[in-house]
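Position in the sequence shown counted from 1, then plus 5, gives you my numbering.
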Amino acid sequence: MIHPQAIIDPKAELDSSVQVGPFSVIEANVQIDAGTEIGSHVVIKGPTRIGKNNRISQFASLGENPQDKKYAGEPTLLEIGDDNEIREYCTMNRGTEQGGGITSIGNDNWIMAYTHFAHDCRVGNHTIFANGASLAGHVQIDDYVILGGFSLVHQFCSMGIYSFSGAGSVIFKDVPPYVTVWGNRAEAYGLNKEGLKRNGFSSEIIRNLYQAYKIIYKQGFTVEEALIELTKLAETCSEVNRFIEFLDKRSARGIVR
């Protein structure tokens, strides 16, 4: 299960079912749970915790020190959940003390080649990152988000559940739930209707969410005015509450327009 040319620190903790390919290096304070497969030439530095049934391809670098000049060697953490596909040359850095000390990735994420997750990022479940997508520090990505190839997300931005970025997007502000953005700088281009359909949203719910989108983007309301109108709409469509929660409590940088 562990290739004789892999280097495993005695202080690393690997389940007996973990597979490790040749020339991979797993350092101290790394924990890897059952069923995870690690390809060749992968480097994993601790403290890092990796869950069950992940597939990590060759040349990935996980748990390296954060790229932050304030970092002074504190024992921060990278935590990866279960059932993630992490492809070639992905890089994921640990957190910083100032950012809460942890970079976290949830479950069942599809993370393609050359993606980068910087320090203190929080990534949910069932996301897709196309090749070259990159997150700066302190970014939050909610469940079911899709980032097109070479999308870039600025520090401290959030992307709400079921949102979508087109290829090459440069995102400097927060992206509300369900919204499609594209461009440099990214602008809103409607709902992620295809993503919603694929995830089982009914035509009626999608119509209500589009009405919510128009309240935010098409009717000239301030955020405060939009929240009043969204609250009315949420009485007939509970999914609209995700817009309300994001605008009222989550968005600190303002939203993509």
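Where is the CB? At the ideal position from N, CA and C, for every residue including glycine.
- Under the three-state reduction of DSSP, Q36 is assigned to strand.
- Relative to I249, the option among F177, Y218 and V144 whose CA is nearest is Y218.
- The continuous alpha helix (DSSP H) containing L232 extends over residues V228 to A239.
- With at least 16 other beta carbons inside 10 angstroms of its own, Q145 counts as buried.
- The C-beta distance from R99 to P71 rounds to 6 angstroms, short enough to fall under 8 angstroms.
- The beta carbon of S21 sits closer than 6 angstroms to no other beta carbon from its chain once the five residues preceding and following it are set aside.
- Under the three-state reduction of DSSP, Q145 is assigned to strand.
- Boundaries of the alpha helix (DSSP H) harbouring R212: S208 to Y222, taken from the DSSP string.
- Contact between N136 and N114 is absent: CB atoms are separated by about 14 angstroms, not below the 8 angstroms threshold.
- The region 145–154 and the region 168–178 touch, with no fewer than 3 CB-CB distances between them shorter than 8 angstroms.
- Taking the C-beta atoms as reference points, G104 is found no nearer than 7 angstroms to L83.
- Taking the CA atoms as reference points, F64 sits about 16 angstroms from T41.
- Counting C-beta atoms within 10 angstroms of its own C-beta, S174 has 16 or more neighbours from the protein chains shown and is therefore classed as buried.
- Comparing C-alpha distances from Q24 to each of A33, S62 and G51 shows the shortest one belongs to S62.
- In the assembly as shown, K50 is a buried residue. Its beta-carbon has 16 or more other beta-carbons within 10 Å.
- If you ignore the 5 residues before and after D88, its C-beta comes within less than 6 angstroms of the C-beta of N58, N112 and D113, all in its own chain and listed in chain order.
- The continuous beta strand (DSSP E) containing I55 extends over residues T53 to I55.
- Excluding residues up to 5 positions away in sequence, P52 lie with their Cβ nearer than 7 angstroms to the Cβ of P80 in the same chain.
- With a 10 Å radius around the Cβ and a threshold of 16 neighbouring Cβ atoms, M6 comes out exposed.
- S109 carries a strand assignment under DSSP once its states are collapsed to helix, strand and coil.
- V158 is bridged by DSSP to L140 and I176.
- Inclusion of R247 and P182 in the CB contact set at 7 angstroms is warranted, their separation being smaller than that value.
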